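Each residue of the sequence shown is one higher than the one before, counting from 346 in my numbering.
In this text, a Cβ means the ideal position worked out from N, Cα and C, and glycines have one as well.
Here the structure is a predicted model, which means the values were calculated and not measured.
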Amino acid sequence: MLKFYYNPVSVNARRAWVALLEKQIPFELILVNLDDDQFSNDFTAVNPLQRVPAIVDNGFRVIESLAILDYLESKYPKPSLMPSKPENVATVRMVEMLAVNELQPATIPLTRPLVGLDVDNQKLDAAKERIISVIQFYENLLGNHSYFVGEDITLADIVAGTLVPSLPLLGFSLDVYPRLKAWSEQLTMRESWQQTTPLPEVVEAALPSVRKILERRS
Ligand SMILES: N[C@@H](CCC(=O)N[C@@H](CS)C(=O)NCC(=O)O)C(=O)O
């Protein structure tokens, strides 16, 4: 059975987890405690970069969440989470890359105070501006559709939709983005989102390890 290495508070892992559930792929959930278990010999053998997520499927190892999503889509094409029309492929990729390269890094300055780390006000303001640019772009892109590409969920919704709904928890309201807010509420009602939402006590318990990770990266 496919092995999925994850941690419940990892956004990177959650996008792969949601895709596994949406595709109804049977998998074994393997917890990697981010309080240094990521550096163990066993896990380093799975991912030499020592990060979650990782999967091993029939002995084939994949690291990097977006690569995992592409692998799952190719290997388990039904139900499809990737459209085929060129414009739609581009839309999915744009949404994914903006989430991973722009939005996710911009949430770090907002997260730092929550784990007791200081944050430079200039960096905080720049991060907020970045977040506004991305979510305004998402808001426009959604138009009157239920999802980024029409009426069916795709990888775009999974990647952005495992980040955007957390923005209010970081003090960033979605109230002035009504389409994105409705999209976000609709996604969080799906079984795959409900199953992968970390419990508040799990988040609370993970704060010291999140702090250590952020300290190492700054
Ligand atoms: N680009 C990677 C990022 C993976 C990543 O940073 N994972 C974090 C958890 S969200 C991690 O395992 N951090 C452990 C550490 O930094 O020690 C992906 O998309 O899979």
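Ala399: member of the beta strand (DSSP E) spanning Ala399 to Asp402, first to last residue. Rounded to the nearest angstrom, the gap between the Cα atoms of Gln531 and Gly506 is 10 Å.
In the DSSP annotation of this structure, the continuous segment of the beta strand (DSSP E) that includes Glu373 starts and ends at Phe372 to Leu376. Its Cα nearest to that of Val547, the residue Asn378 stands out among Glu367, Asn378, Ser478 and Pro371. Per DSSP, reduced to three states, the secondary structure at Ile498 is coil, with no helix or strand assignment.
Taken through DSSP and simplified to helix, strand or coil, Arg475 comes out as helix. Nearest neighbour of Glu474 by Cα position, chosen from Pro450, Asn352 and Tyr350, turns out to be Pro450. Selection Gln481, Asn352 and Arg360 evaluated against Phe388 yields Asn352 as nearest (Cα-Cα). A straight line joining the alpha-carbon of Leu455 with that of Leu515 spans about 6 Å.
For ligand 1, a non-hydrogen atom lies closer than 7 Å to the CB of Ala358. For Leu347, the beta-bridge partners assigned by DSSP are Phe372. For Phe405, the enclosing beta strand (DSSP E) covers residues Phe405 to Ile408.
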